[in-house]
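Residue numbering for the sequence shown follows my numbering, starting at 30 and increasing by one per position. The beta carbon of each residue, even a glycine, is placed where N, CA and C say it ideally should be. None of these values were measured; they are calculated from a predicted model.
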Amino acid sequence: MPNSQPNPACRNFVLRTPDDDNRDRLVCSECGWIHYENPRIIVSAVVRHGDQLLLCRRAIRPRYGFWTLPGGFLEIGETPEDGARREVSEEAGADVQIRQLLSIYSVPRIGHVHLVYLADMITPDFACGTESLEVRLFDQVSSRLPWDDLAFPVNQWTLRDYLSLQGSELQQPFTTRPDDLRQRISPVEHHPEFPPPCAGSGGRAS
Ligand SMILES: [Zn+2]
């Protein structure tokens, strides 16, 4: 890849296949800068405290008011582990130790790759970050988890796969099942009991 930073002066892009490439890209017709579009990496964590795990109720759209694992887009300059730790700190106010990679879920249709880590809270403290309405510990048993109020399919896959371990050691990371990819996010923008304020932000998927 000859260039990775956008040139703010570039305005006139044409769709063409660059030399030594095999698919169309947006190429600046003046300086030749190539706008590569690649999948985005989302990092999150199953955060454990004893027999409980930490979930956040989203204060951002889409899926405002639904429960999610703390997570978000990996930033440039971060390792995935650092990114997961940062997201847990920002959204759930908890300091965690990352233990191991729990799963890699890819959603090619929207160009997302999720890396989910197993993590443990270093202290019992947590707090509501600006992107959360509520942060809570849930018992690690299926009947106590808010399945119907989860924000995204990937939250369901994560909790399903994590619970399937039943406390045993993880041998290798879970991956997306073919059936999982048939699941579609509900078009509901917010939880029926949590209407967002009118002047809400655009939100970020996580
Ligand atoms: Zn240019």
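Give the straight-line distance between the Cα atoms of residue i and residue j, rounded to the nearest whole angstrom.
i	j	result
L147	E107	18 angstroms
N184	S58	42 angstroms
L98	D177	14 angstroms
P20	N41	Since the displayed the chain opens at 30 and closes at 235, residue 20 lies outside it and no answer follows.
N63	C39	In the sequence as displayed, the identity of residue 63 is Ile instead of Asn. Whole-angstrom Cα-Cα distance: 10 angstroms.
A74	G61	40 angstroms
R173	E66	40 angstroms
E222	D124	30 angstroms
I71	S135	10 angstroms
S193	T187	10 angstroms
E218	R90	6 angstroms
D50	P175	46 angstroms
L144	Q212	19 angstroms
E110	S197	22 angstroms
N36	P47	17 angstroms
Among the options, which one has its Cα closest to the Cα of residue i?
i	options	result
L199	R213, E110, P109 and L130	L130
D80	D190, D177 and Q169	Q169
L82	C157, F167, S132 and D124	F167
G122	V76, V136 and S132	V76
F181	Q195, Y93 and P47	Y93
P225	N51, R86 and T46	R86
L84	L162, I151 and T46	L162
S171	R189, R138 and V164	R189
P216	T46, F95, F102 and D48	F95
P202	R138, Y191 and I214	Y191
Any heavy atom of ligand 1 inside 8 angstroms of the beta-carbon of residue i?
i	result
A148	no
E218	no
N184	no
W96	no
E14	This structure does not reach residue 14, given that the chain is present from 30 up to 235, and the question cannot be answered.
A156	no
N67	no
A180	no
W176	no
Report all residues from its chain with a CB closer than 8 angstroms to the CB of residue i; omit the five preceding and five following residues, and keep chain order.
i	result
T159	A88 and E119
R128	Y146, L147, A148 and D149
L44	D53, R54, L55 and V56
Once you ignore the five residues that flank residue i on each side, which residues in its own chain have a CB closer than 6 angstroms to its CB?
i	result
A234	No answer about A234 holds up, because its pLDDT of 48 lies below 50 and its placement is not dependable.
T204	I133
C157	V164
Excluding sequence positions up to five away, which residues of its chain have a Cβ less than 7 angstroms from the Cβ of residue i?
i	result
P68	G140, H141 and V142
E114	In the sequence as presented, Glu is not what sits at residue 114; that position holds Arg. Excluding positions up to five away in sequence, the list reads V125 and I127.
V117	A74, V76, P99, A123, V125 and A148
G112	V72, L103 and E104
P153	H78
I151	D124, V125 and Q126
Can you tell me whether residue i sits near ligand 2, meaning its C-beta is under 8 angstroms from at least one heavy atom of the ligand?
i	result
A38	For the structure depicted, ligand 2 is absent and the ligand set comprises only ligand 1.
Of all the beta strand (DSSP E) runs that stay within the bounds of the region 58-131, which reach a length of 3 or more residues? 69-78, 81-87 and 100-102
Please give the ranges of any beta strand (DSSP E) in the region 141-197, keeping only runs that are unbroken, at least 3 residues long and fully inside the region. 141-150 and 161-168
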